[in-house]
Amino acid sequence: MNPGNPVYDYMVNKEPYYHPQGDEIALFTAAYARRLPVMIKGPTGCGKSRFVEYMAWKLGKPLITVACNEDMTAADLVGRWLLDAEGTRWQDGPLTVAARYGAICYLDEIVEARQDSTVVIHPLTDHRRQLPLDKKGELIQAHADFQLVISYNPGYQSLMKDLKQSTKQRFAAFRFDYPETKVETEILVREVGIPEQTAEQLVALAKSSRNLKGHGMDEGISTRLLVYAASLIADGVPATRACRMALMDPITDDEDIRSTLEHAIDATF
Ligand code: ADP
């Protein structure tokens with residue numbers, strides 16, 4: 056890509072470490088070849104964003120990531136008129152920049168956004184591949200390299216917050232979950248450099264917490280939190296302290312669950 060391109064700065068220059076869970080790399084490559092919009096579902100911290108980063112690097116395309124939230128409006132995605140000393144000027148939002156100049160646009164946790172802002176992606180996700188900028192009076196034809204990727208965590212959703220069928224049925228989907236034991240252990244060893252035995256112990260703890268899901272816990276310990284705990288241990292924090300701080304305290308205030316996890320931590324280390 057030409058350094059003069061406005062999305063050049065969004066190129067992923069260094070290979071992100073990504074351990075595949077199955078055939079997702081080949082499948083994403085096929086989806087990108089057809090520029091199919093892609094949805095990645097799965098619990099928080101299980102590797103969705105890392106996978107998208109890795110794919111952008113592998114495909115050699117820039118990646119524009121937007122962390123969605125409930126205050127996000129369509130204008131935050133598409134763009135708005137700004138008033139400055141010289142008068143009014145249009146500023147493209149991240150989705151518009153990606154569509155105009157050819158980047159992968161990753162809308163992380165899309166269901167957090169208000170429904171009116173999710174609807175703006177519709178014309179970009181069918182054969183039209185267009186983005187109308189109503190306020191500017193411009194119709195953008197998406198760049199050949201543009202692809203839309205969204206992530207969401209089906210576990211959190213209430214019916215009110217689920218994606219509409221009319222949105223869902225515009226995407227090919229990947230269902231992610233926490234990596235299997237061997238892979239998750241290897242991720243901790245590779246990413247943080249802790250001994251394999253410590254990694255195995257951390258993964259075993261996470262697995263037992265994941266079984267508590269639905270029994271007083273919304274979600275089990277994620278791979279991301281395991282990486283945090285492993286990093287603290289690698290820096291000399293005693294394992295039991297690191298586990299309380301990174302694996303238990305962030306996720307629960309329920310006294311019963313805390314005591315179950317504390318016992319598990321003390322029994323492990
Ligand atoms: P999500 O987007 O699902 O919330 P992330 O992609 O941010 O989660 O993953 C959280 C962390 O877990 C990453 O920063 C990385 O350290 C680690 N991780 C999870 N899965 C993998 C994987 N398959 N390969 C390498 N690292 C991973």
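Counting in the working numbering, the final residue of the sequence shown is number 324, and the numbers go up one at a time with none missing. Cβ atoms here follow ideal geometry from the backbone N, Cα and C, with glycine treated the same way. This one's a predicted model, so the numbers in the text were calculated from it and none came from an experiment.
Nearest to Ile242 by alpha carbon, out of Pro58, Arg105 and Ala199?
Arg105
State yes or no: is the C-beta of Arg230 nearer than 7 Å to some heavy atom of ligand 1?
no
Cα-Cα separation, Phe324 to Thr295
6 Å
Of all Cβ atoms in chain C, is any one closer than 8 Å to the Cβ of Phe231?
The chain inventory of the structure shown lacks chain C, comprising one protein chain alone.
By alpha-carbon positions, which one of Gln252, Glu246, Glu235 and Val282 ends up nearest to Lys262?
Glu235
Going by the CB atoms, is the gap between Lys96 and Gln170 shorter than 8 Å?
no
Is it the case that the CB of Ser286 approaches a heavy atom of ligand 1 more closely than 7 Å?
no
Taking only three categories from DSSP, how would you classify Ile119?
strand
Taking the alpha carbon of Arg184 as the point to measure from, which residue in Leu118, Ala154 and Asn60 has its own alpha carbon closest?
Ala154
Limits of the unbroken alpha helix (DSSP H) element including Val282
Thr278 to Ala289
Any heavy atom of ligand 2 inside 7 Å of the beta-carbon of Thr120?
Of the ligands this structure carries, namely ligand 1, none is ligand 2.
Counting only runs that start and end within the segment 202–243, where is the beta strand (DSSP E) found for 3 or more residues in a row?
202–207 and 227–230
Using the three-state DSSP reduction, which class does Leu188 fall into: helix, strand or coil?
strand
Three-state secondary structure (DSSP) at Tyr72?
coil
N- and C-terminal bounds of the beta strand (DSSP E) containing Cys160
Ile159 to Asp163
Looking at the structure shown, is Leu179 part of a helix, part of a strand, or coil, going by DSSP?
Here Leu179 sits in helix by DSSP.
For Ile320, which three-state DSSP category applies?
helix
Apart from the five residues just before and just after Met66, which ones in its own chain have a Cβ nearer than 7 Å to its Cβ?
Met56 and Pro117
Since Met94 sits in a beta bridge, which residues does DSSP pair it with?
Ile205 and Ala228
I'd like to confirm the pairing. Which residues does DSSP put opposite Arg135 in its beta bridges?
BP columns for Arg135 point to Gln146.
For Leu194, three-class secondary structure by DSSP
In this structure, Leu194 counts as strand in the three-state DSSP scheme.
Around the Cβ of Asp304, are there at least 16 other Cβ atoms within 10 angstroms (buried) or fewer (exposed)?
exposed
Could you tell me the alpha carbon to alpha carbon distance between Asp163 and Leu203, rounded to whole angstroms?
11 Å
Give a yes or no on whether the C-beta atoms belonging to Trp136 and Lys190 are separated by under 8 Å.
yes
Nearest-angstrom beta carbon gap, Tyr156 and Asn68 [assumed within contact, 8 Å]:
Not quite, the Cβ-Cβ distance comes to about 17 Å (not below 8 Å), so this is no contact.
Give every residue of the same chain whose Cβ lies closer than 8 Å to the Cβ of Ala130, excluding the five residues on either side of it in the sequence, and list them in chain order.
Counting only Cβ-Cβ distances below 8 Å, and skipping sequence neighbours, we find Gly148 and Lys190.
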